[in-house]
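Before any comments, here is the structure.
There are 2 protein chains.
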Amino acid sequence: MIERLAIVGIGLLGGSVAKAARAASLAREIVGIARDPRRVEAALRDGALDRVTDDVGSGVRDAELVVLAAPVLANERLLERVWAAATDGALITDVGSTKAGLARAAGRLHATRRLGFVGSHPMAGSEQSGYGAARADLFRGALVIVTPTETTEPRVVKAVSELWERVGARVATLDPDTHDRVVAIVSHLPHLAAVALVDAVRRFEPGATAFAGRGFKDTTRIAAGDAAVWEEILFANRDALLASCDAFRAALDDLEHLMRAGDAAALRDRLVQVKQTREAMR
Amino acid sequence: MIERLAIVGIGLLGGSVAKAARAASLAREIVGIARDPRRVEAALRDGALDRVTDDVGSGVRDAELVVLAAPVLANERLLERVWAAATDGALITDVGSTKAGLARAAGRLHATRRLGFVGSHPMAGSEQSGYGAARADLFRGALVIVTPTETTEPRVVKAVSELWERVGARVATLDPDTHDRVVAIVSHLPHLAAVALVDAVRRFEPGATAFAGRGFKDTTRIAAGDAAVWEEILFANRDALLASCDAFRAALDDLEHLMRAGDAAALRDRLVQVKQTREAMR
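If you read the protein sequences in the order shown, they are chains B and S. For the first sequence, the working numbering begins at 1 and goes up steadily by one. For the second sequence, the working numbering begins at 1 and goes up steadily by one.
Next comes the structure, spelled out in C-alpha cells:
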C-alpha cells in the first residue's frame, strides 16, 4: 500500500483514479490538486479524496505516486512544477491521450533530476466529463497503454503497470511515438471524420438529419464528445493526426476513383477486404 | 385483404415483406419470384410464401401488388418485365435504397401503359443478408420513405403507404432526387467514410487495429456490411454520393485548416456546433 497518492486534476479520469484507488485500498492518503477546490468538494464528501489543495507544490509533497490528470497540454506545463516538488524516489505518470509531448518534457527534466516517469493512457472514457461522471470501475477490463522510452527504467514500467492492474486494467506497452500514431488512427481521426460527417449534412442537405438511422448515429456518436476536451486532444496530437488524415484521404481517393471508373470488381474487392479487417476487430 | 401479392427477390427485405404480410394477413396468396427457387425453399416450409417461381411473367400475373426486392440495379432491369406482365390496375413498389433511377424507368414505362407505381425505401436492415435473416417484425417502428414524382397519382401513394403502415412502419414522403441526396449523406457517405477509415489503418499503422476501442468500433461498424449489397448501392447512387463526398471533403478541409492554423477558438466553435447538431438527432 502506498502512503500518499497525489492526483493533479479531479475530472472524469482523475476522479476515477481516486475512486478506483480508494476501492482497491491502493493508498492510505489520497490528495487531490484542483484549480478550484470548491468544485471537487463532492470527492471529499464521498471519501474518494482525503484532502484537496490548489497548490501543486504542497499537494505532491511526500507522495510516492503522482498522477497527472489535467488536460493533455496542461499536463505538459504542470510536469515541471511536479518534478521540482516531488519527493526523491517518487513515481510519476499521467492519464493523457497523447504521449510524445509529455515524454519529451520528462526526458528534459530527467537530465536535471532522476525521477521515475512513465506515461499511461487508459483507453476508458465516456462522452461525459467532470468528477460527476467519475467511477470506481472505469478501468475495470479497460486497456491501459504504458509508454516507456529507451531511457525509462524497467522498475518504473513494472510499478506503474502493476498499479493499473490492481484497479482491474489490462496493460500493453508502446513507445510514445507509436502510441500517438496508433491513437491518431483509431481514435482521433475517427473523431475528426465523425465531426466532418455531421458538418457535411448541414452543408449538403440540412433536412437530412431527420432521416438519420442507426448507421449514421453509430458512425457519428463520438461527435457528441466534449468540445473542450477534444479541441485539446486534437491539438496535442496534431502532427500524427494530420499524417493519419492524409492516409484517410488516400483511402477515400481510391474509393471515389473506383466509383468514377465504374470498376465494380475492384470496389467489391476493397469492400470485402475492409469487411474482413473490420470483422477481425470484434 | 389483397388476393395475390407477388415479391420479386426473396432475400432479407423481400423475405421480411413476405413474413410481415403473412403475419398481418395482408394477402391471401403470396408468390415469390426467385432466380433460384431451391434457395428459398425455407420460405415455403415456414409458410411465408405459398408458391415460388423463377419466371417473372407467371409470378406477377394477376397480382394486385408487386414488390420489387432484388438489388437496386436488378430492380431497374426487372421493372420492364414486371410492367409488361402485370395485371391492369396493379400497384407496383420496390424496397431499394436509391429511388431516382427506378422512378425514371417507371416514368418511361408509364407512357406506354398506365400502372400504379411509387417507390418505397424501408429504412430497416441489418449487416446480415439473405432469407435466413428475414423477420416478420423488420418494419415494425421503422421509417419507410415513399417517393412519388409529380405524375404519381395520389391514390397510389395512399395505397402503398397504407400497406407499409399495416406492417407497423411509419411513412414519410420525399421526391426521388431529394431522397437520393438524403440517403447519400446519412447512409452511403457514412458507409464510404467507415470503409476508408478501416482502410486507412492498414495504410498508416496496421498494428493499430489491436488498440481499436469502442469509438473506432462504433464509427466503423457499418463497414462490416455485405460487400455485394454495398457495391450495388454505392454505384446505384453514385452521382449523389460523389456530390455528398465533396461536401464531406470541404468539411474535413476546414477542420484540417483550423488545426494547421492553430485556431483553437474556431475549432472549438465548430466542435460545439457539431455536438449540438448531433445531440439533436438522438
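Think of the CB as a built atom: it goes at the ideal place given N, C-alpha and C, for glycine as much as any other residue. All values derive from a computational prediction rather than experimental measurement.
Contacts of residue i in chain S (Cβ-Cβ under 8 angstroms)
i        : result
B/Ala212 : Val186, Met281
B/Thr209 : Val186, Thr277, Ala280, Met281
Beta-carbon spacing of residue i, residue j below 9 angstroms
i        : j        : result
B/Gly215 : S/Val186 : yes
B/Leu252 : B/Leu241 : no
B/Ala63  : B/Val31  : yes
B/Ala228 : B/Pro122 : no
B/Val82  : B/Val156 : no
B/Ala200 : B/Arg221 : no
S/Ala48  : S/Arg22  : yes
S/Leu26  : S/Val167 : yes
B/Ala208 : S/Lys275 : no
B/Thr98  : B/Asn237 : yes
S/Glu29  : S/Leu44  : no
S/Tyr131 : S/Val40  : yes
S/Phe204 : B/Arg181 : yes
B/Val111 : B/Ala124 : Just to set this straight, residue 111 of chain B is Ala in the shown sequence, not Val. Contact flag unset, no.
B/Leu267 : S/Glu231 : yes
B/Asp95  : B/Gly14  : Before going on, a small fix: residue 95 of chain B reads as Val here, not Asp. Cβ atoms of B/Val95 and B/Gly14: closer than 9 angstroms.
S/Pro148 : S/Ala100 : no
S/Leu192 : S/Ile145 : no
B/Leu79  : B/Ala42  : no
B/Ala243 : B/Ala184 : yes
B/Thr219 : S/Arg202 : no
B/Gly59  : B/Ile92  : no
S/Gly290 : S/Ala90  : In the structure as shown, chain S begins at 1 and stops at 282. Residue 290 of chain S is therefore absent and cannot be evaluated.
B/Asp226 : B/Ser129 : yes
S/Ala85  : S/Arg61  : yes
Where residue i meets chain B, residues with beta-carbon distance less than 7 angstroms
i        : result
S/Glu256 : Leu242, Cys245
S/Lys217 : Met281
S/Arg278 : Val198, Thr220, Ala223, Ala224
S/Val274 : Val195, Val198, Asp199, Ala223
S/Arg202 : Thr277
S/Ala227 : Arg268, Leu271, Val272, Lys275
Residue i: contacting residues in chain B (beta-carbon distance under 8 angstroms)
i        : result
S/Leu197 : Leu189, Pro190, Ala193, Phe248, Ala251
S/Met259 : Leu234, Phe235, Arg238, Leu241, Leu242
S/Arg140 : Here the premise fails: no neighbours, minimum Cβ distance about 15 angstroms.
Neighbour-count burial assignment, residue i, 16 or more Cβ in a 10 Å radius
i        : result
B/Lys19  : buried
S/Gly11  : buried
S/His179 : buried
S/Ser161 : buried
S/Lys158 : exposed
B/Gly262 : exposed
B/Asp55  : exposed
B/Pro154 : exposed
B/Met1   : exposed
B/Pro190 : buried
B/Arg140 : exposed
B/His188 : buried
S/Thr87  : exposed
S/Thr151 : exposed
B/Arg113 : exposed
S/Ala210 : exposed
S/Ala136 : buried
S/Arg270 : buried
B/Ala103 : buried
Beta-carbon neighbours of residue i, restricted to chain S and to distances below 7 angstroms
i        : result
B/Glu231 : Ala264, Leu267, Arg268, Leu271
B/Glu205 : Arg181, Val182, Ile185
B/Arg135 : Under the 7 angstroms cutoff, chain S gives no residues; its nearest Cβ is about 15 angstroms from B/Arg135.
Residue-chain proximity (residue i, chain C), Cβ-Cβ < 9 angstroms
i        : result
S/Trp230 : Of the chains in the structure shown, none is chain C; the protein chains are B and S.
Along the segment 103-123 of chain B, what residues have a CB closer than 7 angstroms to any CB found in chain S? Here the close residues are Met123.
For the segment 5-52 of chain B, which segments carrying the alpha helix (DSSP H) assignment without a break, of at least 4 residues, lie completely within its bounds, in sequence order? List check, alpha helix (DSSP H) in window: 12-23, 41-45.
Contact list for the segment 149-174 of chain B against chain S, Cβ threshold 7 angstroms: Of all residues in the segment 149-174 of chain B, none is placed with a Cβ closer than 7 angstroms to any Cβ belonging to chain S.
Taking beta-carbon pairs under 8 angstroms, can you tell me which members of the segment 75-107 of chain B lie near chain S? Residues of the segment 75-107 of chain B with a C-beta atom less than 8 angstroms from some C-beta of chain S do not occur.
What are the complete alpha helix (DSSP H) segments, minimum 4 residues, inside the segment 166-234 of chain B? Here the runs fully enclosed are 176-183, 189-204, 214-220.
Taking only beta carbons into account, state which residues of the segment 33-67 of chain S come closer than 9 angstroms to chain B, listed in chain order. Of all residues in the segment 33-67 of chain S, none places a beta-carbon less than 9 angstroms from a beta-carbon of chain B.
Ignoring anything shorter than 3 residues or poking outside the segment 107-173 of chain B, list the beta strand (DSSP E) runs there in chain order. Taking only runs of at least 3 residues, the beta strand (DSSP E) segments lying wholly in the segment 107-173 of chain B are 119-122, 143-147, 170-173.
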